[in-house]
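Asker: In the order they appear, the protein sequences are chains A and B.
Using our numbering, you'd call the opening residue of the first sequence number 196 and step up by one each time.
Using our numbering, you'd call the opening residue of the second sequence number 27 and step up by one each time.
For every residue, glycine included, the Cβ atom is placed at its ideal position computed from N, Cα and C.
Take a look at the following structure, please.
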Amino acid sequence: MDFTELTIKSASELLAHKKISAKELGQMSLKRIKEVDDKLHAFLYVAEKEAMEQAEKADQLIADGENFSLTGIPYAVKDNILVKGMQATAGSKILENYKATYDATVIKKLNEELPVMMGKTNLDEFGMGSSTENSAFGPTKNPYDLSRVAGGSSGGSAAAVASGEVLFALGTDTGGSVRQPASFCGIVGLKPTYGRASRYGLIALGSSLDQVGVLAKTVEDTATVFQIVAGQDDHDSTSLSKPVPDYDKFLKEDLKGLKVGVPKEYFIDGMDPEVAEIIKNAIKTAEELGAVVEEMSLPHSSYALACYYVILPVEISANLSRFDGIRYGLSVGGNSLEEVYYKTRSAGFGPEPKRRIMIGTYASSAGYFDAYYKKAKQAQQLIRKDFTDAFEKYDLMLTPTTPIPAFKFGEKSDPLSMYLADVFTVGLNIAGVPGLVIPAGLTKSGLPVGVQLVANHFAEEKLFMAGHALEKSLNLKLKTNL
Amino acid sequence: MAISLEEVNRIAKLARLSFNEAETKKLQHELSDILNYIDQLKQISAKGGSLPAGQAGASGGDPDAMNLMREDVAEVRESPEVFLKQSPAREGNFVKVKSVLE
Numbered sequence: 196m197d198f199t200e201l202t203i204k205s206a207s208e209l210l211a212h213k214k215i216s217a218k219e220l221g222q223m224s225l226k227r228i229k230e231v232d233d234k235l236h237a238f239l240y241v242a243e244k245e246a247m248e249q250a251e252k253a254d255q256l257i258a259d260g261e262n263f264s265l266t267g268i269p270y271a272v273k274d275n276i277l278v279k280g281m282q283a284t285a286g287s288k289i290l291e292n293y294k295a296t297y298d299a300t301v302i303k304k305l306n307e308e309l310p311v312m313m314g315k316t317n318l319d320e321f322g323m324g325s326s327t328e329n330s331a332f333g334p335t336k337n338p339y340d341l342s343r344v345a346g347g348s349s350g351g352s353a354a355a356v357a358s359g360e361v362l363f364a365l366g367t368d369t370g371g372s373v374r375q376p377a378s379f380c381g382i383v384g385l386k387p388t389y390g391r392a393s394r395y396g397l398i399a400l401g402s403s404l405d406q407v408g409v410l411a412k413t414v415e416d417t418a419t420v421f422q423i424v425a426g427q428d429d430h431d432s433t434s435l436s437k438p439v440p441d442y443d444k445f446l447k448e449d450l451k452g453l454k455v456g457v458p459k460e461y462f463i464d465g466m467d468p469e470v471a472e473i474i475k476n477a478i479k480t481a482e483e484l485g486a487v488v489e490e491m492s493l494p495h496s497s498y499a500l501a502c503y504y505v506i507l508p509v510e511i512s513a514n515l516s517r518f519d520g521i522r523y524g525l526s527v528g529g530n531s532l533e534e535v536y537y538k539t540r541s542a543g544f545g546p547e548p549k550r551r552i553m554i555g556t557y558a559s560s561a562g563y564f565d566a567y568y569k570k571a572k573q574a575q576q577l578i579r580k581d582f583t584d585a586f587e588k589y590d591l592m593l594t595p596t597t598p599i600p601a602f603k604f605g606e607k608s609d610p611l612s613m614y615l616a617d618v619f620t621v622g623l624n625i626a627g628v629p630g631l632v633i634p635a636g637l638t639k640s641g642l643p644v645g646v647q648l649v650a651n652h653f654a655e656e657k658l659f660m661a662g663h664a665l666e667k668s669l670n671l672k673l674k675t676n677l
Numbered sequence: 027m028a029i030s031l032e033e034v035n036r037i038a039k040l041a042r043l044s045f046n047e048a049e050t051k052k053l054q055h056e057l058s059d060i061l062n063y064i065d066q067l068k069q070i071s072a073k074g075g076s077l078p079a080g081q082a083g084a085s086g087g088d089p090d091a092m093n094l095m096r097e098d099v100a101e102v103r104e105s106p107e108v109f110l111k112q113s114p115a116r117e118g119n120f121v122k123v124k125s126v127l128e
């Protein structure tokens with residue numbers, strides 16, 4: 196049996212039929228991590244001991260015949276999600292010595308099914324970046340081409356799934372941080388509706404934009420994990436109590452009767468022609484499956500990135516003010532309380548958090564608030580209305596995920612060009628709507644390209660339905676050479 | 027919009043960050059670039075957004091979403107020791123800090 200070929204579905208069948216134990220699966224995952232992670236650097240921490248303990252419990256549950264769909268399944272967690280007693284660096288020196296004091300709600304929910312957590316994955320510092328080059332602990336490499344980035348900020352989670360180290364991973368998505376690395380690494384990535392899942396225990400970046408996301412090998416696996424993760428939480432007052440449907444029931448093989456919009460603003464000058472070709476092929480496939488596809492318009496799309504780079508830094512400057520060297524994390528001594536603040540924050544934060552704290556502080560400071568933040572919130576309402584208006588007519592939208600496939604390390608050295616990598620993904624976070632990225636093809640040089648499906652608020656089941664049908668029809672069978 | 031060196035220093039002070047001269051100059055350049063980019067928001071007409079900025083806060087931009095309330099009931103969580111153990115300096119059950127008043 197080749198561990199890297201397994202999905203959640205196939206592995207849980209093997210477990211249920213006692214063809215393999217959770218402990219054996221965990222050991223195969225560890226072996227794969229030891230084989231390839233020196234090259235990839237997907238993990239910041241491998242939880243060998245904890246994983247083996249958890250696997251034993253999972254095996255007991257299976258022996259008792261009380262196993263669930265995720266029991267014994269090896270997975271990984273982005274290092275900005277709290278797992279009690281374990282590190283949670285958020286990719287930052289300022290949290291290098293921090294140990295999580297409680298489980299994030301999403302971890303608590305997963306633990307009820309006893310999947311096996313193999314460790315914590317790499318990310319851009321606090322989630323700020325699109326390549327993991329902003330991680331204080333070094334970047335993650337793309338499993339399809341080690342000279343290229345895995346994407347970001349959930350690059351470690353994406354590389355871990357794509358290279359077959361684990362069967363699924365959790366990430367977070369504030370502006371594309373699950374979807375863009377999923378596209379770059381040839382896997383499936385879900386960003387849910389804002390409020391569909393709990394943010395409790397996620398290290399906050401932009402609290403009005405952040406959502407936890409799922410990265411997996413298939414749409415079906417993604418839906419299986421999200422079924423557990425989704426839902427209201429008393430510890431997150433922005434999570435909503437709408438019932439979570441049974442996602443399994445929506446997985447179909449065709450798209451008959453579905454109306455799909457293709458926003459013309461998402462096909463820009465400077466887009467890689469191979470990416471455009473692959474997305475066009477996905478559109479053609481959707482039509483062959485019975486969908487009615489039409490070009491349409493999201494007229495305020497061009498403001499999404501500018502809007503994002505006001506709202507997000509303002510929230511960052513507030514959220515990151517808690518890191519002051521007093522209660523936890525890095526603390527650099529000084530002669531006064533204020534000096535402790537200055538020294539700790541200047542030594543602990545990397546260049547990108549500092550830049551964004553500065554922009555956010557500027558944009559929210561007296562005299563500038565109306566010109567920036569208020570304008571951005573007005574733009575947000577217009578962008579949101581673009582989406583909700585469109586979904587009165589269409590079931591789904593289909594767009595590229597990024598204008599280009601995975602880029603080389605160091606290629607995007609000025610901050611603004613890195614920001615532009617998120618141009619097709621940020622709009623969804625601004626509007627609060629969900630998105631699913633699935634692999635749509637490979638470039639001639641063998642780099643994966645993902646297509647992004649977009650649905651209305653709380654309509655994740657439509658994403659799974661269409662994603663599953665497209666995935667079956669495209670039948671890509673991607674595999675790394677690692 | 028270009029931002030002055032003095033402005034960079036003023037913002038750094040508000041953010042409790044310190045930069046040396048070379049870093050300040052680099053930041054001045056980078057922040058100006060980013061602010062130039064986000065200046066395009068000024069083209070949006072004021073009537074576009076119907077909500078005062080504050081009201082659409084932590085709701086993912088959903089103007090209909092309301093804050094959810096729950097009873098303020100104490101629940102047993104971790105012992106204080108778990109949290110205190112993380113602090114760089116402590117005295118008994120207190121986190122120790124430098125004096126605030128001279």
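#1: Just checking: is the beta-carbon of residue 574 of chain A within a distance shorter than 8 Å of some beta-carbon in chain C?
#2: Suppose the cutoff is 8 Å on Cβ atoms and the five residues either side in sequence are ignored; what does the same chain contact list for residue 568 of chain A look like?
#3: For chain A, find out if any of its Cβ atoms is closer than 8 Å to the Cβ of residue 99 of chain B; answer yes or no.
#4: If you measure from the beta carbon of residue 113 of chain B to each beta carbon in chain A, is any gap under 8 Å?
#5: Using a Cβ-Cβ distance cut-off of 8 Å, determine whether residue 253 of chain A contacts chain B.
#6: What are the boundary residues of the beta strand (DSSP E) that residue 277 of chain A is part of?
#7: Mind listing the chain B neighbours of residue 520 of chain A? Cutoff is C-beta to C-beta under 8 Å, in chain order.
#8: To the nearest angstrom, report how far apart residue 464 of chain A and residue 617 of chain A are at their CA atoms.
#9: Answer yes or no: do residue 274 of chain A and residue 217 of chain A have a C-beta to C-beta separation smaller than 8 Å?
#10: In this structure, does DSSP put residue 527 of chain A in helix, strand or coil?
#11: Could you please give me the residues that DSSP links to residue 343 of chain A through a beta bridge?
#12: Can you list the residues of chain A that residue 30 of chain B reaches, using a CB-CB cut of under 7 Å?
#13: Rounded to whole angstroms, what is the Cα-Cα separation between residue 432 of chain A and residue 396 of chain A?
#14: Within 10 angstroms of the Cβ of residue 81 of chain B, are there 16 or more other Cβ atoms? Answer buried if so, exposed if not.
#15: Could you compute how far the alpha carbon of residue 491 of chain A sits from the alpha carbon of residue 200 of chain A?
#16: Please report how far the alpha carbon of residue 481 of chain A lies from the alpha carbon of residue 239 of chain A, in whole angstroms.
#17: For residue 408 of chain A and residue 384 of chain A, which I take to be in contact (beta-carbon distance under 8 Å), what is that distance rounded to the nearest angstrom?
#18: Using a Cβ cut-off of 9 Å, pull out every chain B residue sitting near residue 201 of chain A, in sequence order please.
#19: I'd like to know if residue 68 of chain B contacts chain A, where contact means its C-beta is closer than 8 Å to some C-beta of that chain.
#20: Residue 552 of chain A CB to nearest chain B CB: under 8 Å?
#21: Between the Cα of residue 354 of chain A and the Cα atoms of A/327, A/566, A/603, A/556, which residue gives the shortest distance?
#22: Are the CB atoms of residue 312 of chain A and residue 249 of chain A nearer to each other than 8 Å?
#23: Rounded to whole angstroms, what is the Cα-Cα separation between residue 382 of chain A and residue 675 of chain A?
#24: Below 8 Å between beta carbons: does that hold for residue 331 of chain A and residue 288 of chain A?
#25: Beta-carbon separation of residue 499 of chain A and residue 632 of chain A under 8 Å?
#26: List the whole-angstrom C-beta distance separating residue 594 of chain A from residue 37 of chain B, where the pair is believed to meet the contact cut-off of C-beta under 8 Å.
#27: With a threshold of 8 Å between beta carbons, is residue 56 of chain B in contact with chain A?
#28: Please look up how many angstroms separate the CB atoms of residue 473 of chain A and residue 488 of chain A, rounded, as I've assumed it's under 8 Å.
#29: Could you please give the first and the last residue of the uninterrupted beta strand (DSSP E) stretch that includes residue 64 of chain B?
#30: Could one say the Cβ of residue 135 of chain B lies closer than 8 Å to chain A's Cβ atoms, at least one of them?
#31: Since residue 591 of chain A and residue 657 of chain A should fall inside the 8 Å C-beta cutoff, what is the C-beta to C-beta distance between them, to a whole number of angstroms?
#32: Hey, would you say residue 442 of chain A sits closer than 8 Å to residue 642 of chain A, going by beta carbons?
#33: What residues of chain B sit near residue 610 of chain A, judged by a beta carbon separation below 8 Å?
#34: Quick one: Cα of residue 581 of chain A to Cα of residue 493 of chain A, how far?
#35: Is the beta carbon of residue 646 of chain A closer than 8 Å to that of residue 630 of chain A?
#36: So is residue 526 of chain A in contact with chain B if we call contact Cβ pairs under 8 Å?
Answerer: Reading it off the structure:
#1: Reference to chain C is not applicable here, since the protein chains of this structure are A and B.
#2: 505, 506, 509, 558, 559
#3: False, the Cβ-Cβ gap to chain A never drops below 8 Å.
#4: yes
#5: Answer no: the Cβ-Cβ gap between residue 253 of chain A and chain B never drops below 8 Å.
#6: No beta strand (DSSP E) holds residue 277 of chain A; DSSP gives it neither H nor E.
#7: 114
#8: 15 Å
#9: no
#10: coil
#11: Partner(s): A/603.
#12: Per Cβ cutoff of 7 Å: no residues; residue 30 of chain B is ~12 Å from chain A at best.
#13: 13 Å
#14: Confidence at residue 81 of chain B is low in this model, with a pLDDT of 42, below 50, so the placement of that residue is unreliable and no value is reported for it.
#15: 39 Å
#16: 39 Å
#17: 6 Å
#18: Simply none; closest approach about 35 Å.
#19: Yes, contact with chain A.
#20: yes
#21: Closest by alpha carbon: A/327.
#22: yes
#23: 11 Å
#24: yes
#25: no
#26: That belief does not hold up - the Cβ atoms of residue 594 of chain A and residue 37 of chain B are roughly 36 Å apart, past 8 Å.
#27: yes
#28: Not quite, the Cβ-Cβ distance comes to about 16 Å (not below 8 Å), so this is no contact.
#29: It is not in any beta strand (DSSP E) - residue 64 of chain B instead sits in the alpha helix (DSSP H) that spans 47-64.
#30: What is shown of chain B runs 27 to 128, which leaves residue 135 of chain B out entirely.
#31: 6 Å
#32: no
#33: 56, 59, 60
#34: CA-CA distance, residue 581 of chain A to residue 493 of chain A, rounds to 5 Å.
#35: no
#36: Answer yes: the Cβ-Cβ gap between residue 526 of chain A and chain B drops below 8 Å somewhere.
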